[in-house]
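Numbering (the numbering used here), first residue to last: 355 to 1007. Please read the structure below before turning to the comments.
Shown next, in the form of structure tokens:
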């Protein structure tokens, strides 16, 4: 009898160990049309399979934003999911509240994200959680004390993190402990090779790979990846057949034991102590240059959002913001808008829009609670907003804020509208970057950031297409990238200036003195920028002076409708259409999701309007994306020595 017990124990120990973790995620700001499609094609199908196989020891993670979507838009689905989980053998992971990139956040925010994430999962699904899923599986070596304090026993990371940190193979095939400041957390490693064959290869190949590992030594195979692969990346019928049959094979396999992470840790414990670097999965390491915060350096728009968060956080702390302001602030931390690779969303306007929307709402609530504007209509501050070593200027009013960057052409790089229900950064545009995968024939990358109130002096032959498509050397001046001098910061205006050079030939130029004065009026409803261009030479100068604006009217979440525009009342045009008027003053922008925006010059000029597009890579191939509208006012001006040309451009809503 004893012999048979030992034999059975040996057979059990000889089984290959498999951990199957499905990660469900949608970002804050997702298009509701896309969300509804994925709900139909993926989540409904997966829930039906989970109901059929609830006796299997599966591991599930649901991101905070997706749980909130289900709570608000699909409450019956959420209740059904809750019922299945509570009657199953599944283990549910927690994580961060809004799927935030912890490595970018202050320690207090990391702690709050982990705490709120745990509370959300346990409250909505009625389970207790032991493990955490980290957004994009980006490891932060300082996390163990925070994980321990919030009750998380372990996290899932990719084997790439272990190998890059110098661990031998036998450690990466086992659970390990990591430590920081004497506090510990467990780590289980996701197997890299299986992520590239499951579900894309045959069941036989996948099962054979799992069986190649020796469970008797505590080795396991952990598949952890996106649930959306089933029904969204891969068409529903094929994905459902593949996964259903895979679960069937696992259920009947006598030589494969399906465990959850907690099951594994209870049975096998930890292989020992490890110290891991701030890595992620292989592709993320490649896209980020090995360190996730590098995205903030590569994409100025990503850095802008991140520093906007830090700016908002500082204001919330100083003004004693209420709880609802902090809620909005945490919603602005969802990771997807801050990076780009095959899936990241920096290039997706709606995701960036949502970041600003929640940050602005948080700021408004704090300002109201703290009486920020009592006794004053405008607050002007000078600070190094984007942490590049040069000061920026912020003009704040109750209904709008304007962010100026003297060192980058004296431009407006953010214009926040604070109207209730229409919180929006009107300069939420995206520049074209030289992505290596675009190859030859791709549109030229932008040589300057697409923001607003940037000056050019065009060559006479320059046309609208030259501006949009970045034809080399059509801008004959050095104003666009110039560092402007802050002449003064007054109580209600900011004055910037620059002496620029315009080259008529490689050896012949004229100096042009540009002064622009910014005023934010009517509680923020109107931004006025007054220009004076002066010929500083003792010779006549025939110039084509230009002011460029890049604006992104608020987009609806529930439709694909893009803004429209009209120039001097000459008929409404779609935002996808280019237009050039030889003599105009007023451009009106309209959106289904916001009040109209009026851009008006005090002087007539040639006006160019064009959609701004970027090209980038997704899991479904190359894609072009509308990013906003570019508007250029061109003034053909003949200036005698010392003579000046003046104009004013207003943006109002």
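We put the CB at the ideal spot given by N, CA and C, even for glycine. Predicted model only: the values in this text are computed from it and were never measured.
Beta-bridge partners assigned by DSSP to residue 747: 736, 758.
Excluding sequence positions up to five before and after residue 676, its CB lies within less than 7 Å of the CB of 719, 723, all in the same chain and listed in chain order. In its chain, beyond the 5 residues on either side, 399 have a beta carbon closer than 6 Å to the beta carbon of residue 594. Taking the Cα positions, residue 790 is about 11 Å away from residue 695. A straight-line Cα-Cα distance of about 20 Å links residue 941 and residue 872.
In this structure, residue 883 places its C-beta atom within 8 Å of the C-beta atom of residue 1003. Distance from residue 804 to residue 904 at the Cβ level is roughly 4 Å; contact confirmed, criterion being Cβ atoms closer than 8 Å. Contact between residue 959 and residue 988 holds: CB atoms are separated by about 5 Å, below the 8 Å threshold.
Assigned with DSSP and collapsed to three states, residue 1003 falls in strand.
Burial is judged here by how many other beta carbons sit within 10 angstroms of a residue's own beta carbon; residue 657 has at least 16 and is buried.
The alpha-carbon of residue 842 is positioned some 38 Å away from that of residue 699. Between the region 632-644 and the region 510-518 there are three or more C-beta pairs closer than 8 Å, enough to call the two in contact. Counting the other Cβ atoms within 10 Å of the Cβ of residue 908 gives 16 or more, which makes it buried. In the three-state reduction of the DSSP assignment, residue 418 falls in the helix class, which pools H, G and I.
From the listed residues 806, 449, 602, 520, the smallest Cα separation to residue 469 is found for 449.
Inter-segment contact for the region 944-954 and the region 669-687 is absent: fewer than three beta-carbon pairs are separated by less than 8 Å. Judged by their CB atoms, residue 382 and residue 688 are nearer to each other than the 8 Å cut-off. In this chain, the beta strand (DSSP E) harbouring residue 936 covers 933-945.
Contact check for residue 452 against residue 663 fails: the beta carbons are separated by 8 Å or more.
Fewer than three Cβ pairs drawn from the region 729-749 and the region 780-799 lie within less than 8 Å of each other, which leaves the two stretches out of contact. Scanning its chain for C-beta atoms nearer than 7 Å, with the 5 sequence neighbours on each side dropped, one finds around residue 612 the residues 372, 374, 410, 411, 604, in chain order.
Per the Cβ contact rule, the region 911-922 is not in contact with the region 862-876 (fewer than 3 Cβ pairs under 8 Å). In the pairwise beta carbon analysis, the region 542-550 is classified as touching the region 569-578: at least three pairs are separated by under 8 Å. Close CB contacts of residue 846 within its chain, under the 7 Å cut and outside five residues either way in sequence, are with 732, 873 (chain order). When the alpha-carbon of residue 405 is set against those of 524, 709, 426, 440, the nearest one is in 440.
When 763, 784, 773, 625 are compared, the shortest CA-CA separation from residue 704 is found for 784. In this structure, residue 540 and residue 619 form a Cβ contact; the two beta carbons are roughly 6 Å apart against a cut-off of 8 Å.
A residue is called buried once 16 or more other Cβ atoms fall within 10 Å of its Cβ, and residue 765 is buried on that count. Residue 870 has 850, 885 as its beta-bridge partners, per DSSP. Here the C-alpha atom of residue 879 lies approximately 10 Å from the C-alpha atom of residue 770. For residue 609, no alpha helix (DSSP H) encloses it, and the DSSP letter there is neither H nor E. A check of alpha carbon separations from residue 961 across 972, 970, 564, 983 identifies 983 as the nearest. Residue 537 sits away from residue 490, with the two beta carbons spaced by 8 Å or more. If you ignore the 5 residues before and after residue 834, its C-beta comes within less than 7 Å of the C-beta of 763, 802, 808, 809, 810, all in its own chain and listed in chain order. The Cβ-Cβ distance between residue 444 and residue 408 falls below 8 Å. CA-to-CA, the gap between residue 898 and residue 813 works out to about 7 Å.
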